[in-house]
Amino acid sequence: MNKTIRRTSVFVLLLVLALLGRATWVQAYEAKALANDKKNRRNTIAQYAQPLGNIVVAGSPVTGSKKTEGTDLEYRRTYTDGELYAAVTGYSSQAYGATQLEGIYSDVLDGTDDRLKNPLDAVTRKQQEPGTVVTTIDPDVQKAAYRALGDTKGAAVAVDPVTGRILAMVSTPSYDPSKIAGTTNGDAWKELTTDADKPLVNRALRQPLPPGSTFKLVVAAAALEDGLYGSVDTSTESPDPYTLPNTRTVLKNENASAPCENATIRTALRYSCNNVFAKMAADLGQDKVKAMAEKFGFNDAELDVPVRAYPSVYPSGMDKAQTALTGIGQFDVTATPLQMAMVSAAIANDGLLAAPHMVSEVVDSDGDALKTFEDGDSERIVSSSTAEQLRSAMRTVVDEGTGTNAAISGAEVGGKTGTAQHGENNSKTPYAWFTSYAKDASTGKQVAVAVMIEDSGAARSEVSGNGLAAPVAQKMMAAALK
């Protein structure tokens, strides 16, 4: 054979072998990665090839599907009361992806999850009927929160203290996920993503802000657990006004006539005495306050409900003056409404914190459970005695103190207000907070709530936890106790 022909033949053979090897590698090792690539349109076509499974609230779906025309994506997502439940469902968009429960359970909802397939279907990759996501949301509590928040910029969360079930999660301003569900909703998407009020942000989970005086509950818990003070009725060593350690900065109280000098924890919570809790935090030291905050859930970067919440933060590396400021929920302390609801929930539940969750189970088309979230998976945060004392002091806040707007006739209600500074030298409108619990002895029902009003449009002088946030909490708690 001619040498040139022989070399050419060998070269061609090597090319063929290389192509065969590459094809084998792609099919054997890269197939899954290619199949799951976000740029693979076949995935999007498969996702919307049939009606999607539903997200269910109290036995009724709050989602649906609608046949589309003129596109290879056969169905698009629809929503019932979309603005009401947007903070729970998130959105499923043919153009912009999926978020929240829609994103976490997209494979279940579109029928591509391997758990929905029998062994033969897993081999053939046959698409099955989609599954269903069953939430823990109570529609009455959800509606009460949404209506009470109204046109404000804020958020609210309600939790069953015993089970950890999230009964309501609302973020305002909200949006209708149906308006961005298709492929021709560019104008609506641009409007949402450029809106200065950020309606796509779930403020209940993903926008930690200074919690102000609601954080005083954490400091009080640390002081009682540490033995710094024997009870909520023991006088503290708290000068009024209080000068921050190693500074000339004098920390004053909102109510100059309040009996805050050397006040008990009960009185200090009732009047929201800054001097008491700043001094208390400084006396405890940042390590002890941080340890208590972390027991309640601060600094947890993996809090999934199952949507992941942004961490609420208690800082480190502070001097004594900065530590004192954290005692009133300022300096670099931040919290989400979910986090502050968890604080009240643990106190209400005798010191036990049940893991918060807003999905009870995920099921296939036959109703068989693919995943179940257990209720009452709890961890002790403070002793039963400390929890009882804090509940007693929180009741005083509602009965006689700064939280009277949260009272519910015939129910045990305890709470704590907060007004957090905002902007350099407190130049911007403060944030209004309220965290609370309520119990109905006759029915055994109970609930823990946190409300944050980021901006109500009210004048600065009118912003307070009792004036803006407590009425929202009251309506939510009343709905939960029905």
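Counting from 11, one number per residue, gives the positions in the sequence shown under my numbering.
Glycine included, each C-beta is placed from N, C-alpha and C at the ideal position.
Inter-residue Cα distance where the pair is L126 and A448:
Annotation: L126 to A448 spans about 41 Å, alpha carbon to alpha carbon.
Let's see if you can read the secondary structure: which residues bound the beta strand (DSSP E) around M462?
Unbroken beta strand (DSSP E) run through M462: Q456 to D465.
Bounding residues of the alpha helix (DSSP H) (the contiguous stretch that carries M352):
First-last of the alpha helix (DSSP H) with M352: P347 to A358.
If we ignore side chains and look at the alpha-carbon of each, how far apart do G428 and T182 end up?
G428 and T182 have their C-alpha atoms spaced approximately 19 Å apart.
Output the residue ranges of the beta strand (DSSP E) runs that lie fully inside the stretch 60–102 and measure 3 residues or longer, sorted by chain position.
Within the stretch 60–102, the complete beta strand (DSSP E) segments of 3 residues or longer fall at 65–67, 73–77 and 85–89, listed in chain order.
In chain order, what residues of the same chain have a beta carbon less than 6 Å from the beta carbon of T406, not counting five sequence neighbours either side?
If we look at T406 and ignore the five residues flanking it on each side, its Cβ neighbours are R276 and R280.
Roughly how many angstroms lie between the CA atoms of P61 and R86, to the nearest whole one?
When rounded, the distance between both Cα atoms is 8 Å.
Please work out which residues of its chain come closer than 7 Å, Cβ to Cβ, to S70, disregarding the five sequence neighbours upstream and downstream, and give them in chain order.
In its own chain, leaving out the 5 sequence neighbours on each side, no residue places its CB closer than 7 Å to the CB of S70.
Exposure of G63, with buried meaning 16 or more beta-carbon neighbours within 10 Å:
Counting the other CB atoms within 10 Å of its CB gives G63 a total of 16 or more, which places it among the buried residues.
What would DSSP say about L44, mapped onto helix, strand or coil?
With a pLDDT of 47 at L44, under the threshold of 50, the modelled position of this residue cannot be trusted; read the value that follows with caution. DSSP, read as helix, strand or coil, puts L44 in helix.
So, helix, strand or coil for Y239, using DSSP?
Three-state DSSP puts Y239 in coil, outside helix and strand.
R318 bridges to which residues according to DSSP?
As DSSP reads the structure, R318 sits in a beta bridge with D314.
Using three-state DSSP, classify G107 as helix, strand or coil.
If DSSP states are grouped into helix, strand and coil, G107 belongs with the strands.
Rounded straight-line distance, which links the Cα of A33 to that of L44:
Residue placement at L44 is poorly supported in this model, since its pLDDT is 47, which falls under 50; the coordinates are not used for a value here.
Are the stretch 355–365 and the stretch 449–469 touching by the rule of at least three beta carbon pairs closer than 8 Å?
Per the Cβ contact rule, the stretch 355–365 is in contact with the stretch 449–469 (3 or more Cβ pairs under 8 Å).
Suppose contacts are defined by Cβ-Cβ distances below 8 Å. Is A319 in contact with L348 by that definition?
It is a contact, given that the beta carbons lie within the stated cut-off.
Closest to A351 by CA distance: which of I147, T253 and I176 is it?
Selected option, being the one with the closest Cα: I176.
In the DSSP output, which residue or residues are listed as bridge partners for I176?
According to DSSP, residue pairing for I176 in a beta bridge involves V169.
Hey, out of D378, A178, A364 and A231, whose CA is closest to S402's CA?
Restricting attention to D378, A178, A364 and A231, the CA atom closest to the CA of S402 is found in A231.
Based on Cα-Cα distance, which residue from V317, P321 and K300 lies nearest to M328?
The option with the nearest alpha carbon to M328 is K300.
What are the boundary residues of the beta strand (DSSP E) that includes P440?
Residues K438 to K449.
Within 10 Å of its beta-carbon, does R17 have 16 or more other beta-carbons around it, so buried, or fewer, so exposed?
R17 is exposed by the Cβ-count criterion.
On the DSSP letters alone, give me the boundaries of the beta strand (DSSP E) that S370 sits inside.
Counted as a single uninterrupted DSSP element, the beta strand (DSSP E) harbouring S370 occupies residues V369 to V373.
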